[in-house]
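The letter at position 10 of the sequence shown is residue 9 when you use numbering that gives the first Met the number 0, and the numbering goes up by one with no holes.
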Amino acid sequence: MSSPFGPAATTGMGSLPGEDMRKWVSVVLDVVSIPFLPELPARPYGDMVSRAAGLLTQLALDLQPAGWRLTGGNDPRASLDQRRARSLLLQDLDVLEELADGYAGPLKLQVTGPWTLAATVELPRGDKVLADHGARRDLAETLAYGLQEHVAEVRRRVPGAELVVQLDEPALPAVLAGAVPTASGWSKHRSVDGPGAVDLLSRVVEAVAPAITLVHCCAARPPIEVFRKAGADGIAVDLALLTEAAWEQIAFAVEADVTLYAGVVPTTGEIPHPERAAEPLTRRWSEIGLSTPSLADVVLTPACGLAAAPSPADARSRLQVLRPAAEFLAETAQS
0 MSSPFGPAAT TGMGSLPGED MRKWVSVVLD VVSIPFLPEL PARPYGDMVS RAAGLLTQLA
60 LDLQPAGWRL TGGNDPRASL DQRRARSLLL QDLDVLEELA DGYAGPLKLQ VTGPWTLAAT
120 VELPRGDKVL ADHGARRDLA ETLAYGLQEH VAEVRRRVPG AELVVQLDEP ALPAVLAGAV
180 PTASGWSKHR SVDGPGAVDL LSRVVEAVAP AITLVHCCAA RPPIEVFRKA GADGIAVDLA
240 LLTEAAWEQI AFAVEADVTL YAGVVPTTGE IPHPERAAEP LTRRWSEIGL STPSLADVVL
300 TPACGLAAAP SPADARSRLQ VLRPAAEFLA ETAQS
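In structure tokens:
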């Protein structure tokens, strides 16, 4: 199956530096072929977990010094912090609606995935939601419902958009390995098995159908099999980190018609020449036995989010190098 985006597709992972949402929406609409709603964590309530908290309309959370926490009790009203997170998201959608007026094509949204939320958000009496099987199920189901509403809202505001939903799961490898610390710091939370991880993740993936979905995880051994079995249409990884075993899993996923979002441009340091950025991908593609023409289906991205870039100008340059790198990749696929 060919990519739904065509050859030479590019996008960003979501986070960007600075606080100017209007500027960044204009940039992503111009620079990448799959524009995305930027996340600007330099702003209060602009980080990925706060974004997700603003979507959880059926659960009440508040922001503590240690991070977001479920409030518990029978009062479903959102806290002041949760209302502020929601308000900021709606303001960002106002900017997107204005600047994307008349836009038709793919448009990507990012949200923290259910396992990373469970490993980050605290229960009312301490420790992570991850520690409570029922609580993490409720959190995932509430996320699925809130994301459904979010997708419908974006469709209303940008009716020509073909929506792509990215679930960010940086904590899932630690969840699977039993490496998430408990509140005391003296122990670790019990590991979650593969089928359990698939079950929770698939609830969120299925909730946004028919939107295209991908799961993003910048790790040396991202649980690609979990993502594939959960029904994700794509996987987003940092190519520079991958182990041999991870490359083997990528080969299986690509052969199963899963789209690879390949992080080829580093988030800091020297910005590579376009051909040099794409070269590691083309070399490893043949080494793992994949056909050269299938390179045309790969979407090129930065290695991860760009919030830590030294300046907005630097981050923009890293996004700009993606297009010529993708064109080089498309030419390679045709040769």
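Beta carbons: idealized from backbone N, C-alpha and C, even for Gly.
- When secondary structure is reduced to three states using DSSP, T331 falls in the helix class.
- One alpha carbon belongs to A329, the other to A182, and they sit about 49 Å apart.
- Within 10 angstroms of the beta-carbon of S14 lie 16 or more other beta-carbons, which makes it buried.
- In the DSSP annotation of this structure, the continuous segment of the alpha helix (DSSP H) that includes W114 starts and ends at P113 to A117.
- The Cβ-Cβ distance between I33 and K107 falls below 8 Å.
- Selection L92, L162 and L79 evaluated against A103 yields L162 as nearest (Cα-Cα).
- Within 10 angstroms of the beta-carbon of T119 lie 16 or more other beta-carbons, which makes it buried.
- The distance from the Cβ of L238 to that of V263 is about 6 Å, consistent with a contact at the 8 Å cut-off.
- When A218, D61 and A143 are compared, the shortest CA-CA separation from R124 is found for D61.
- DSSP links W67 through a beta bridge to L62.
- The DSSP-derived three-state label of G304 is coil.
- In this structure, the straight-line span from the alpha carbon of L95 to that of V24 is close to 7 Å.
- When DSSP reads this structure, H215 sits in a beta bridge with D167 and A235.
- Per the C-alpha coordinates, the member of P323, A41 and V30 positioned closest to M20 is A41.
- For A103, the secondary structure class from DSSP, reduced to helix, strand or coil, is coil.
- In the three-state DSSP reduction, E38 falls in the strand class (E or B).
- Buried is the label assigned to R227, since at least 16 other Cβ atoms lie within 10 Å of its Cβ.
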